[in-house]
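Quick mapping for you: the protein sequence lines, in order, are chains A and B. Using the working numbering, you'd call the opening residue of the first sequence number 2 and step up by one each time. Using the working numbering, you'd call the opening residue of the second sequence number 58 and step up by one each time. Let me begin by presenting the structure, written as structure tokens, before commenting on it.
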Amino acid sequence: MIETFSILSPDFERDAPRELMLLSIISQSFFQPFSLEDNLLVILTALTSGSGVGFNRAMLFLKQGDRLKGEMWLGPRSAEEAGLIWEVLSTPGIGYVEIVEHNRALVSKNVDTLSTRLKGLVYAADDEGALIPAYAACRKEILHVRDASNEPLVDRRFLNVIGVDEFLCIPLLARDDVVGEIILDNAITRTPITPPDIKLAGLCGLMAGNYIYSATLHRKLLDMEKMAAMGEMAMFVTHQLRNPIVAIGGFTEQLLKPGVPEDKRTRNLTIIRDEIRRLEDTIFQMGHFLKVSLKEPVYFDPGPVIALVLSSPEIQTKAKDHVLNAKLEPCLPEILCDPTSFGEVVRNLLDNAFDATPVGGTISIRGYRKNKSSFVLSVRDTGRGVTNPDKEQLFRPFFTTKEKGMGLGLSFIKRVMDTCGGKVEVHSRVGKGALFKLIFLSRERELTP
Amino acid sequence: MKKKILLVEDERPLCLLYEEELSRDGYDITAVTDAEAALAKLGETEFDLIITDIRMPGKNGIELITQIMGLRKDIPIIINSAYQSYKDDFMTWAADAYVVKSSSLDELKAKIRQLLGD
């Protein structure tokens, strides 16, 4: 007998050890399609929530260049506010989206107070004579500070901001480099910090450090990919523009010569007009591609969007020469994506399928649950299929196997899927058609009574 | 006798333009729009020179040149492409000249004359 378990959403018993709960919350957050800032917020939340270590407040410094800079402060300003926050965060079944939404609002509420003052704190990151808090990062050691007011090693400006005598400094390390520091305190409950708290917070610091390090590397990689894509774009644009321009110039030269017969004159002018239209089309498509900026993903019902695309005149016209089958599970779950981009993605996939399939061929679109947290939208065609070398390049901008294509549709789809934490799969054999599967994060809809 | 040139160019308007302009200069032009058709023509006719584009559907110009080399035919090849940035690399692809596409065919015509020894 084989039993399967999801890696991402283990349901712990309520009396599971808090260490396990905490590490689970933090490690799972790294798999969510959140920004670096939002994931850091989840880490701070885990350190301050009821099910986590349970510190009252958490403060984050990040290393930027050779400076350690205050970035974010999470925690209540009063005992009342603390009660309210901890009640929300202890609600059984609360998900990451809710935690992030809730705490994003909290952090922005703190803008005028805690976070603004924190952002004013900047220290040299590797100064041997640094004062606390930078001292912990410079020495790469956890510091448990008590009676801070009487401790000359504590920076007075920092003490004024934090306003407590006992706190913990956790340096965030990755590959022996300092990437930041977290400060934890119990300003509301005044509970003393215990050795087990310190050990657990230290472990969170290790995870957070490695997460920041890999997220920063990933960002750099994306920037490099962007630069490479820009280079490819420049080359592609050169090609797309130069060919019609050469034709326009060459046929105009012919017209300028004396004694051009009338039929050749008409032919040349027709070519020139067609090439100008082609240039206009290229410029329009480029402009469209460059201006598309993706919005934050939200949960929504994909059914109406799919129906709208399927009933659009453009798809209906193409469907006249093909067989179009649509099969969607009843009562679809909500998927995580930007609805407008999702519509474009569906339209692009169908467009490609129609273009690749000869007249009379079949295109099937299906929507079904893969499991309780993911939804698959698939488009299958009976067209020419994709070769293995082409499969590897399919999602690169400006790669196309179509005679007239710009090669932007699939790269747009990949961009959308990356933004919403989804995945694209291509299954194909040459001559046997292609199957494109988009896998979205999903959740069941709340039933209205 | 007219010198025979095989022109490989997927852009039909450009194909027509080169065909007309080079025929006027006294060359016998055979124009095809992809690499497969070019290889088929090479099996049928002895050409004096080949002009090929790089970016084409199916096999690209570089793959075409590699295959021509495999045929052990010693024919001069001019790459005629819209890409300026490849110009420095053409020797590594065993081509004899690289001309960036232009509405003035002067440079292309000069290279043809040079390679054919006219």
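By construction, the Cβ of each residue, glycine as well, lies at the ideal position given by its N, Cα and C atoms.
ask   = Where do the N-terminal and C-terminal ends of the alpha helix (DSSP H) with residue 214/A fall, by residue?
value = In the first sequence, counting from the first residue as 1, residue 214/A sits at position 213. Unbroken alpha helix (DSSP H) run through residue 214/A: 196-257.
request  = Measure the Cβ-Cβ separation of residue 367/A and residue 379/A and say whether it is below 8 Å.
outcome  = Position 366 of the first sequence holds residue 367/A. Position 378 of the first sequence holds residue 379/A. Going by C-beta atoms, residue 367/A is nearer than 8 Å to residue 379/A.
task = Run the CB neighbour count on residue 182/A, radius 10 Å, all protein chains shown included, and call it buried at 16 or more, exposed below.
result = The sequence position of residue 182/A within the first sequence is 181, counting from 1. Residue 182/A should be labelled buried.
key: Host beta strand (DSSP E) of residue 60/A (start-end)   = Taking the first sequence and counting its residues from 1, one reaches residue 60/A at position 59. Run containing residue 60/A: 58-65, per the beta strand (DSSP E) assignment.
Span separating the alpha-carbon of residue 55/A from that of residue 5/A = Along the first sequence, one-based indexing puts residue 55/A at 54. Along the first sequence, one-based indexing puts residue 5/A at 4. Residue 55/A and residue 5/A: Cα-Cα distance of roughly 32 Å.
query = When you check each C-beta in the region 123-135 of chain B against every C-beta of chain A, which residues fall closer than 8 Å?
reply = none
Simplified DSSP state of residue 151/A, which is helix, strand or coil = As a position in the first sequence, residue 151/A is number 150, starting the count at 1. For residue 151/A, the three-state secondary structure derived from DSSP is helix.
ask   = So which residues on chain B does residue 239/A lean against when the C-beta distance must stay under 9 Å?
value = The residue given as residue 239/A occupies position 238 in the first sequence. Going along chain B in sequence order, the residues near residue 239/A (Cβ under 9 Å) are 139, 140, 141, 142.
key: Interface residues of chain A facing residue 68/B [CB-CB closer than 9 Å]   = The residue you call residue 68/B lines up with position 11 of the second sequence. Near residue 68/B (Cβ distances below 9 Å), the residues of chain A are 244, 245, 247, 248.
message = Measuring straight from C-alpha to C-alpha, what distance separates residue 173/A and residue 114/B?
response = For the purposes of this step, residue 173/A is taken as residue 172 along the first sequence, with counting starting at 1. For the purposes of this step, residue 114/B is taken as residue 57 along the second sequence, with counting starting at 1. Rounded to the nearest angstrom, the two C-alpha atoms are 52 Å apart.
message = So, for residue 90/B: in the same chain, excluding its five sequence neighbours on each side, which residues have a beta-carbon less than 6 Å away from its beta-carbon?
response = Within the second sequence, residue 90/B is the residue found at index 33, counting from 1. Closer than 6 Å at Cβ, skipping near neighbours: 67.
query = Can the beta-carbon of residue 374/A be found closer than 8 Å to that of residue 446/A?
reply = The sequence position of residue 374/A within the first sequence is 373, counting from 1. The sequence position of residue 446/A within the first sequence is 445, counting from 1. Result no, Cβ atoms of residue 374/A and residue 446/A do not sit closer than 8 Å.
request  = Leaving aside the five residues before and after residue 203/A along the sequence, list all residues of the same chain whose C-beta is less than 7 Å from its C-beta, in chain order.
outcome  = The count along the first sequence starts at 1 and reaches residue 203/A at position 202. So the qualifying residues of the chain are 143, 171.
key: Three-way DSSP call (helix, strand, coil) for residue 431/A in this model   = Here residue 431/A corresponds to residue number 430 of the first sequence, with the count starting at 1. In the three-state reduction of the DSSP assignment, residue 431/A falls in the coil class.
request  = Give the interface partners of residue 168/A over in chain B, defined as CB-CB distance under 7 Å, in chain order.
outcome  = If you number the first sequence from 1, residue 168/A lands on position 167. What residue 168/A touches in chain B: nothing, since even the nearest Cβ is about 57 Å away.
ask   = Where residue 79/B and residue 167/B are concerned, what is the direct C-alpha to C-alpha distance, given to the nearest angstrom?
value = Position 22 of the second sequence, counted from the first residue, corresponds to residue 79/B. Position 110 of the second sequence, counted from the first residue, corresponds to residue 167/B. In a straight line, the C-alpha of residue 79/B is about 11 Å away from that of residue 167/B.
message = With a threshold of 8 Å between beta carbons, is residue 159/B in contact with chain A?
response = Residue numbering aside, residue 159/B sits at position 102 when the second sequence is read from its first letter. For residue 159/B, the answer is yes, since a Cβ of chain A falls inside 8 Å of its Cβ.
ask   = For residue 107/B, which of helix, strand or coil comes out of DSSP?
value = Indexing the second sequence from 1 puts residue 107/B at position 50. Under the three-state reduction of DSSP output, residue 107/B falls in the strand class.
ask   = CB residue 64/B to CB residue 88/B, shorter than 8 Å?
value = By one-based count along the second sequence, residue 64/B stands at place 7. By one-based count along the second sequence, residue 88/B stands at place 31. Yes; because the gap between Cβ atoms is below 8 Å, this pair is in contact.
inquiry  = Rounded to whole angstroms, what is the Cα-Cα separation between residue 240/A and residue 226/A?
reply    = The sequence position of residue 240/A within the first sequence is 239, counting from 1. The sequence position of residue 226/A within the first sequence is 225, counting from 1. Approximately 21 Å between the Cα atoms of the pair.
query = For residue 85/B, does the three-state DSSP call read helix, strand or coil?
reply = Numbered from 1 along the second sequence, position 28 holds the residue referred to as residue 85/B. The answer is strand: DSSP assigns residue 85/B an E or B state.
key: Span of the beta strand (DSSP E) around residue 372/A   = The residue labelled residue 372/A in the question sits at position 371 within the first sequence. First-last of the beta strand (DSSP E) with residue 372/A: 363-372.
request  = Determine the burial state of residue 64/A: buried for a count of at least 16 other Cβ atoms within 10 Å of its Cβ, exposed for fewer.
outcome  = Position 63 of the first sequence, counting from 1, holds the residue named residue 64/A. By the 10 Å Cβ count, residue 64/A comes out buried.
request  = Please classify residue 189/A: does DSSP put it in a helix, a strand, or coil?
outcome  = Within the first sequence, the letter at position 188 stands for residue 189/A. It is coil, neither helix nor strand.
inquiry  = With a threshold of 6 Å on Cβ separation, who are the neighbours of residue 155/A within its own chain once the five nearest residues in sequence on each side are excluded?
reply    = Residue 155/A sits at position 154 when you count from the first residue of the first sequence. Excluding sequence neighbours, residue 155/A sits near 133, 149.
query = Given that a residue counts as buried once 16 or more other Cβ atoms are within 10 Å of its Cβ, and exposed if not, what is residue 1/A?
reply = No information on residue 1/A is available, as it lies outside the stretch 2 to 450 that chain A covers here.
task = Please report how far the alpha carbon of residue 438/A lies from the alpha carbon of residue 48/A, in whole angstroms.
result = Counting from one through the first sequence, the residue named residue 438/A turns up at place 437. Counting from one through the first sequence, the residue named residue 48/A turns up at place 47. Roughly 38 Å separates the two Cα atoms.
query = Does the Cβ of residue 187/A have 16 or more other Cβ atoms within 10 Å, making it buried, or fewer, making it exposed?
reply = The sequence position of residue 187/A within the first sequence is 186, counting from 1. Classification for residue 187/A: buried.
inquiry  = Under 7 Å, CB to CB, which of the residues in the region 90-118 of chain B have a partner in chain A?
reply    = 112, 114
query = Beta-carbon separation of residue 158/A and residue 123/A under 8 Å?
reply = Here residue 158/A is taken as the residue at index 157 of the first sequence, counted from 1. Here residue 123/A is taken as the residue at index 122 of the first sequence, counted from 1. No, the pair does not count as a contact, with Cβ atoms beyond the cut-off.
ask   = What beta strand (DSSP E) runs, 3 residues minimum, are completely inside the region 137-174 of chain B?
value = 154-157
ask   = Is DSSP giving residue 375/A helix, strand or coil here?
value = Indexing the first sequence from 1 puts residue 375/A at position 374. Strand at residue 375/A.
request  = Could you tell me how far apart the beta carbons of residue 336/A and residue 301/A are, in whole angstroms, since I believe they sit closer than 8 Å?
outcome  = Numbered from its first residue, the first sequence carries residue 336/A at position 335. Numbered from its first residue, the first sequence carries residue 301/A at position 300. Right, their Cβ atoms sit about 7 Å apart.
key: Bridge partner(s) assigned by DSSP for residue 40/A   = Here residue 40/A refers to the residue found at position 39 when the first sequence is read from its first residue. DSSP links residue 40/A through a beta bridge to no other residue.
ask   = Helix, strand or coil: which one does DSSP assign to residue 281/A?
value = Position 280 of the first sequence holds residue 281/A. Residue 281/A falls in the helix class under three-state DSSP.
inquiry  = When you compare the CB of residue 254/A with every CB in chain B, is at least one pair closer than 8 Å?
reply    = Residue mapping note: residue 254/A aligns to position 253 of the first sequence, counting from 1. At least one chain B Cβ lies under 8 Å of residue 254/A.
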